[in-house]
Amino acid sequence: MLAPGRPKPKPTPETQHFWDGCKEGKLLLQRCGDTGKAYFPPRPFSPYTGTRNVEVFEASGRATLHSYVIHHRPVPGFTPPYAIAVVELEEGPRMMTNIIDCEQTPEALQLDMKMEVAFTPLDEEVTLPLFRPAKESK
Amino acid sequence: MIRPGEIAVVGAAESTKIGAVPGMSQIMLHADAALNAMAETGLKPGDIDGVACVGPMMPQQIAHYLGITPKWVDGTGVGGCSFMLHVRHAAAAIHAGYAKTILITHGESGKSRINATPRPPEPESLNGQFEVPYGPFGPPTLFPIPVLRYMKERGVSHEDLAMVAVVQREWAGRNPRAMFRDPITVDDVLNSRMIAYPFRILQCCLVTDGGGALILTSADRAKDFPTKPVYILGTGESVETNMVSQMKDFTSSSAFRVAGPTAIEAAGIDRSAVDHMMIYDAFAHLPLYGLEDLGFCKPGEAAGFIREGNTRPGGKLPLNTNGGGLSYTHTGMYGMFALQESIRQMRGTAPAQVPGAKISVCHGVGGMFSASGTVVFSNEQP
């Protein structure tokens, strides 16, 4: 369980499946029916063509570290210094996240390093898709 | 189409004081600047027939506070560059005949927080669901998110990003109204307090109180005003995303690449004709993105362009000559102050005046690479 005080996301009808998936340990993305391309954040239509013909699918959870900052100031629910990162999923979309099981230093956090999803409960209701260095890259 | 030089800025003023202004609420900072702009033009509130401002302040609040009955309003709110978009929309409105004399105002009690209204993202918004839970805390943690990727792709060093702040402080040293004026070195920047790696405090904008106002009218009417007209040659605008994590390319802003070239093409000018430039610098990386995305430098060359002194006093492209958001002032929505400096340069009244400057490009960013607006000004009508 994460430290208390962290802001809690509130799902909407369009994003509920994503958060339900996280709770079940599945990283659910959506795919455009016209182009086959994956997208994020969730919405019931394709941002590429506007088609409502989209499907939800389970992503591999594999990603690379695309960019980040390491915040050094106190924030409720967080212990500085902590990285606020963006990972690029194997399927293409990027998402903001935190990196766990890794020192929060520029030396430890190398861009393009391999990451894997690490579902971490925020509380009883919400689980966040955090990421950790992939086992193979350790 | 609107012609280059068809619309002019006749009034331009900042609030009487900027920096720490604990004696004024947010709406009074708007009004103080508006009254200063009206005073220099000889206009009264009853002469204004169009009003634009950006949320949380709504046009009806400003119109009523100042005693204006507008025929045209614009509350476009896309962050700190909203004023560049207001200029663009106001020029189009005057061209279309919707209004004759338009007032654009800004006021923000960013430091003193008097009647300031913070609006944190709602937990069910997309930002609230997909960014906020990971601990970003204001612009210093979000705006620099793409920087490490930019540095890696472009071969830019920490020293390069420190140099941006050093050069702007050099400009600020020539400006009595700048908040920070003492010279700084690259080492000073790299040894200043870490905020959010890779950025330290001297690479982050100030947080101040202040306001600004612009009055636009047709170039034909501009000749009747006591102020020197500053003509609008071209404008551009765009938006990309409200979530920096979803920015398509971390090394280049889509909104910049649309707004900037649109304005320059509309102006019908060559980039080599530009004498003066403002690029909204909420953080030290923005001038690099701006120079590259607007086509003044090739991708990867902006850091060297600044390092080699091209944007310094005496350089071939003086940039952020008021000291910028890093050293002059930054209320939270700095775009109005970038516009004010472009106007001063075109009027020939800037504290650090660029001798003989005839064309100024003023480029703004809104949110965290969310939005962009660009205005090309000249003191000569084409």
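Here the protein sequences come in this chain order: A and B.
Here our numbering = 1-based position in the first sequence + 31.
Here our numbering = 1-based position in the second sequence + 110.
We put the CB at the ideal spot given by N, CA and C, even for glycine.
Between B:M387 and the set B:N432, B:K127, B:E350, B:D359, the nearest pair of CA atoms involves B:N432.
Contacts between B:E234 and chain A, judged by CB atoms closer than 9 Å, involve P40, K41, P42, T43, T46 in chain order. Of all residues in the region 357-382 of chain B, the ones placed with a Cβ closer than 8 Å to any Cβ belonging to chain A are F360, in chain order.
Ranked by Cα distance from B:E350, the first of B:G477, B:A201, B:L427, B:A206 is B:G477. According to the DSSP secondary-structure assignment, A:E86 is paired through a beta bridge with A:R62. Within the same chain, Cβ atoms closer than 7 Å to the Cβ of A:C63 are found at Y70, S77, Y79, T80, T82, V85, the five residues on either side in sequence being excluded. At a cut-off of 8 Å between beta-carbon atoms, B:Q239 makes contact with chain A. Our two residues, B:M353 and B:A282, have alpha carbons roughly 32 Å apart in a direct line.
One thing to note: B:I214 has its Cβ no nearer than 8 Å to the Cβ of B:A373. Using a CB distance below 7 Å, the part of the region 120-150 of chain A facing chain B consists of R125, M126, M127, T128, N129, P137, L142, ordered along the chain. Within the DSSP bridge table, the entry for B:I214 names B:A162, B:L324 as partners. Shown here, B:L300 sits in a helix according to DSSP, grouped into three states.
Around B:A306, the beta-carbon contacts reaching into chain A at under 7 Å are V100, I101, H102, H103. Put simply, the CB of A:Y79 is far from chain B, with every gap to its CB atoms at 8 Å or more. Counting along the chain, no alpha helix (DSSP H) covers A:K145; the unbroken beta strand (DSSP E) around it starts and ends at 145-152.
By the rule that beta-carbons nearer than 8 Å mark a contact, A:L59 does not touch chain B.
Against chain A, the beta carbon of B:L258 has neighbours under 7 Å at S98, Y99, L142, listed in chain order. Within the same chain, Cβ atoms closer than 6 Å to the Cβ of B:A288 are found at A282, G433, S437, Y438, the five residues on either side in sequence being excluded. Rounded to the nearest whole angstrom, the C-alpha separation of B:V277 and A:W50 is 47 Å. At a C-beta separation below 8 Å, B:V119 has no neighbours in chain A, since its nearest C-beta there lies roughly 37 Å away.
Look at the beta carbons and you see the region 243-258 of chain B touching the region 388-400 of chain B: at least three pairs across the two are nearer than 8 Å.
Counted as a single uninterrupted DSSP element, the stretch harbouring A:L96 is not any alpha helix (DSSP H) but the beta strand (DSSP E) occupying residues 93-102.
When rounded, the separation of the alpha-carbon atoms in B:Q171 and A:T43 is 33 Å. The shortest C-alpha to C-alpha distance from B:E241 to any of B:Q356, B:P409, B:F360, B:V486 is the one to B:Q356.
Straight-line measurement puts the Cα of B:V471 at about 5 Å from the Cα of B:V486. Against chain A, the beta carbon of B:K262 has neighbours under 7 Å at L142, listed in chain order. If you look at B:V464, you'll find it isn't in any alpha helix (DSSP H); DSSP assigns it neither H nor E. What B:P246 touches in chain A, judged by beta-carbon distance under 7 Å, is I115, going in chain order. Annotation for B:V277: the continuous alpha helix (DSSP H) segment containing it runs 268-282. In this model, B:D184 and B:H140 are separated by some 15 Å (Cα to Cα). At the C-beta level, B:S363 and B:D403 come within 8 Å of one another. Taking 8 Å as the threshold, the shortest C-beta distance from B:T351 to chain A does not fall below it. The beta carbon of B:I172 sits no closer than 8 Å to any beta carbon of chain A. Here B:V340 is near B:V119, since their CB atoms are less than 8 Å apart. Proximity to A:I101 across A:I131, A:Y113, A:L58, A:S91 peaks at A:Y113, based on C-alpha coordinates.
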